[in-house]
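To keep things clear, I will list the structure first and then write my remarks on it.
There are 2 protein chains.
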Amino acid sequence: MPDGYDKPTLQALHCLVEHVGPFREGEYLFRANDPFGAIFAVRGGTVKTSVVDTLGREQVLGFYLPGEMVGLNAIHPDHYPCDAIALDSVYLCRFSFPALATLAARIPGIQQQLFRLLSKDIGTASLLAGDFSAEERMAAFLVALADRYAARGFSATAFRLSMPRADIANYLRLAAETVSRVLRRFQDQQLIRVESRDIEFVDAAALRALARNVLHS
Amino acid sequence: MPDGYDKPTLQALHCLVEHVGPFREGEYLFRANDPFGAIFAVRGGTVKTSVVDTLGREQVLGFYLPGEMVGLNAIHPDHYPCDAIALDSVYLCRFSFPALATLAARIPGIQQQLFRLLSKDIGTASLLAGDFSAEERMAAFLVALADRYAARGFSATAFRLSMPRADIANYLRLAAETVSRVLRRFQDQQLIRVESRDIEFVDAAALRALARNVLHS
DNA sequence: CACGGCGCTTGATCCAGATCAGGGCGACTC
DNA sequence: GAGTCGCCCTGATCTGGATCAAGCGCCGTG
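Residue numbers (my numbering), protein chains in the order written: chain V, 66 to 282; chain G, 66 to 282.
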């Protein structure tokens, strides 16, 4: 949540927030069909959300970096519609949703912010909905990650992927082999440097050009 | 919006709503980048939303039937992120959003309802995000339409598609030819009967089985 | 009425990416 | 150190759906 609230507002927010964690790699923050009670802000680490279909196969829905909110899509069905899993050591702020909604009714700024967060998620959900090539998807994924890291004050040109290739592939609806091949192609074309999970942008402009149609049209 | 509000609430809602229309086939309700001011409930007809990418190609984002809300995804960027186009004769209720947000702060029921609508859209947006076969997508599309019609009191087993094949194809990220072929295959397999834009379910259970993984895993 | 044009269908070919198969390598255990 | 297990890479083959290319029926228009 952005700063810029006044004293009593911050006070109120402070009361209904609860620090939780650490969760270890592979631990569940919540599971599909758990009753909805709270939304979470990531303080540290990376979270992935996913669903498993009628038997077995996982579908990765998203990754959440420090500063981002998890669980907003649970408000409507009143149950979490997906699993949330720690990809590394994860620390969270837990916001009880009933309390937050009550606060939102008193303080317009909070309500506004919640509306924005929800509305924003609608947009980003449709990001990977288009029929894009593997290159476009991968470029968009990397650029979006870089931008999100940059927004939190980290380097926008070098970062470490906190998820395995298989999760990236699943998220982008590609085969893991394709992810591997596209990354190599990008490196051969001098767009990035790849060293296992470390990514460095070499030609950010070209990457952005590739990603342009995906993010968002 | 569901009924069940008390008198003063209904009164207040009544004040900020405005009937607009008719829009004729092909007319724009709003365009991408128009400043955001209101959300709309469809009273009659069908609306499609779409974006056009950097040059030309359209991407259909959704279809809206009577009783459904258009424009919720505009809250965050504060501009409409897509075009909204009438597919036939369209009648709307226009809700000024600033007024609605103010009202929501006073009346918790309204706020709740808005949260639900927003959260619900996050879920349905990720519906067609999975990597599903043409059959699964098509079945899911038909079943979802039938359910939405049924929820509004229309027949759940026979309805008329208000959009051309090309729009369905675009929405499902398929080629128009594929839509044609899949519909024919469904008819050959005795799942549905197709007569130009009229659809009749013959084996709804089988269709639902096909759609199951898509809606929503 | 003939003429276009558009929406829809059907068949033939093509291709991006899935799938299958195998190999390398770093981390951990015994 | 040898063995094992994940994770990642790379090559060969296969395939679902896109694309290309006609044809067909329907409606509006001159």
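Even for Gly, the Cβ is constructed at its ideal location relative to N, Cα and C.
Since the structure is predicted, the reported quantities are computational estimates derived from the model, not experimental observations.
R238(V) is classed as buried because its beta carbon has at least 16 other beta carbons within 10 Å across all chains shown.
Chain order gives no chain G residues near R249(V), where near means a beta carbon separation below 9 Å; the closest approach is about 22 Å. The beta-carbon of I140(V) is placed less than 8 Å from the nearest beta-carbon of chain G. The C-alpha of Q254(G) is placed about 15 Å away from the C-alpha of A199(G). Straight-line spacing of the CA atoms in A97(G) and R89(V) works out to 43 Å. Boundaries of the alpha helix (DSSP H) harbouring T74(V): 72 to 81, taken from the DSSP string.
Around the C-beta of D212(V), fewer than 16 other C-beta atoms lie within 10 Å, and the residue is accordingly described as exposed. Following the DSSP letters along the chain, one finds E260(G) inside the beta strand (DSSP E) bounded by residues 257 to 260.
If you check the CB distance, T119(G) and L152(G) do not come in under 8 Å. Per DSSP, D143(V) lies in no alpha helix (DSSP H) segment and is marked neither H nor E. Rounded to whole angstroms, V267(G) and E201(G) show a C-alpha spacing of 17 Å. At the C-beta level, L130(G) and T114(G) stay beyond 8 Å of one another. The C-beta of S184(V) comes closer than 8 Å to at least one C-beta of chain G. The Cβ atoms of V155(V) and P87(V) lie closer than 8 Å to each other. Taking 8 Å as the cut-off, the beta carbon of F180(V) is found no closer than this to the beta carbon of I140(V). Here the C-alpha atom of Q176(V) lies approximately 19 Å from the C-alpha atom of T74(G). Here D232(V) has K113, V125 as same chain residues with Cβ atoms under 7 Å from its own Cβ, once five neighbours each way along the sequence are excluded. Measuring C-alpha to C-alpha distances from A223(G) to each of N235(G), A209(G), A276(G) identifies A209(G) as the nearest.
Annotation: T222(V) is outside any alpha helix (DSSP H) and is labelled neither H nor E by DSSP. Residue environment for V107(G): buried (at least 16 other C-beta atoms within 10 angstroms of its C-beta). For A211(V), the enclosing alpha helix (DSSP H) covers residues 199 to 216. By the neighbour-count criterion, in which 16 or more other beta carbons inside 10 Å mark a residue as buried, A215(G) falls on the exposed side. The three-state secondary structure of P87(V), taken from DSSP, is strand. According to DSSP, V155(G) shares a beta bridge with F88(G). Between E123(G) and A234(V), the alpha-carbon positions lie close to 26 Å from each other. With respect to the 8 Å criterion, A170(G) and L81(G) are not classified as neighbours on the basis of their beta carbons. Taking the CA atoms as reference points, I264(G) sits about 42 Å from V247(V). P173(V) and H84(G) have their C-alpha atoms roughly 27 Å apart. Counting of Cβ neighbours within 10 angstroms places G195(G) among the buried residues, the total reaching 16 or more. When Cβ-Cβ separations below 8 Å define contact, Q178(G) makes no contact with chain V. Close CB contacts of L137(G) within its chain, under the 8 Å cut and outside five residues either way in sequence, are with I104, L182, L183, D186 (chain order).
With respect to chain G, the C-beta atom of Q255(V) has no partner C-beta closer than 8 Å.
Within 9 Å of the CB of A170(G), the CB atoms of chain V belong to A169, A170, R171, I172, P173, Q176, in sequence order along the chain. Secondary structure of I150(G) (DSSP, three-state): strand.
Listed in chain order, the positions of the region 234 to 248 of chain G with a beta carbon within less than 9 Å of a beta carbon of chain V are R238, L239. For F95(G), no alpha helix (DSSP H) encloses it; the enclosing beta strand (DSSP E) starts and ends at 93 to 95.
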